[in-house]
Amino acid sequence: MYFNLKKGTLLLSLVFLIVVIVGFIKVQTFPSPTSKTLGPGYMPKVLMSGLSLFALYHIAQSINPKFKDTKVYIGDIKLQIATLLSIVIYLILIKFLGFYVSTTIWLFGIFSIFLEKKYVQSLIYTILLLGIVYGLFGKLLQVNFPRSIFW
1 MYFNLKKGTL LLSLVFLIVV IVGFIKVQTF PSPTSKTLGP GYMPKVLMSG
51 LSLFALYHIA QSINPKFKDT KVYIGDIKLQ IATLLSIVIY LILIKFLGFY
101 VSTTIWLFGI FSIFLEKKYV QSLIYTILLL GIVYGLFGKL LQVNFPRSIF
151 W
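For the sequence shown, position 132 matches number 132 in full-length UniProt numbering, and the numbering has no gaps at all.
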């Protein structure tokens, strides 16, 4: 499948611009800083400002007639759609199975697909990655991950 670069850049930039506008509207509901602190809305505003600048730059670039319109081969779209669908299912399963169980299932599945069914290697990568996440975020930074509704 081929992808039109000029149209894709314009479309993606417009989507990012809409996300930024919605984000700016949402940030206005954040509590105002009480003293000389920056407040909770500062960093999102900085990030959205940068994203809006990139989006506006790419919109201007894709409208520019000097911008070459090329077709890019993106391969078999079935794998990309399956990956996106697996992420959606993973996000739904977190509520029911908890972070660690659903992440283990999802990572093992993704690694198995992209490593061409090398199950032992996929299992090793899954265990290593979950160990790093658990050690760094669960223990060191004490992040509370979503738990299952069953336990």
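Every residue gets a Cβ at the ideal spot worked out from N, C-alpha and C, and that includes glycine.
Please read these numbers as outputs of a predicted model, since none were measured by experiment.
I'd like the list of long-range same chain contacts for residue i, defined as Cβ closer than 7 Å, with 5 residues on each side in sequence excluded.
{"i": "K123", "result": "Sequence inspection shows Leu at residue 123; the Lys mentioned does not correspond to that position. If we look at L123 and ignore the five residues flanking it on each side, its Cβ neighbours are F108."}
{"i": "K6", "result": "S62, F67, D69"}
Look at residue i and residue j and say whether their C-beta atoms are less than 7 Å apart.
{"i": "I113", "j": "S102", "result": "no"}
{"i": "L115", "j": "Q121", "result": "yes"}
{"i": "A72", "j": "F3", "result": "The question names Ala, but residue 72 is Val in the sequence shown. Closer than 7 Å, so yes."}
{"i": "V22", "j": "M48", "result": "no"}
{"i": "F16", "j": "L51", "result": "yes"}
{"i": "residue 153", "j": "F99", "result": "Since the first residue shown for the chain is 1 and the last is 151, residue 153 is missing from the structure and cannot be characterised."}
{"i": "I74", "j": "S13", "result": "no"}
{"i": "V27", "j": "G8", "result": "no"}
Where does the unbroken beta strand (DSSP E) through residue i begin, and where does it stop?
{"i": "K71", "result": "71-73"}
Which one or two residues does DSSP pair with residue i in a beta bridge?
{"i": "Y2", "result": "Y73"}
Can you give me the Cβ contacts of residue i inside the same chain, cut-off strictly under 6 Å, excluding the 5 residues immediately before and after it?
{"i": "Y125", "result": "F111"}
{"i": "W106", "result": "Y90"}
- Query: What residue ranges within the UniProt domain "DUF1468" (12-146) form continuous beta strand (DSSP E) runs of no fewer than 3 residues, ordered along the chain?
  - Reply: As far as the UniProt domain "DUF1468" (12-146) is concerned, its whole beta strand (DSSP E) runs of at least 3 residues are 71-73.
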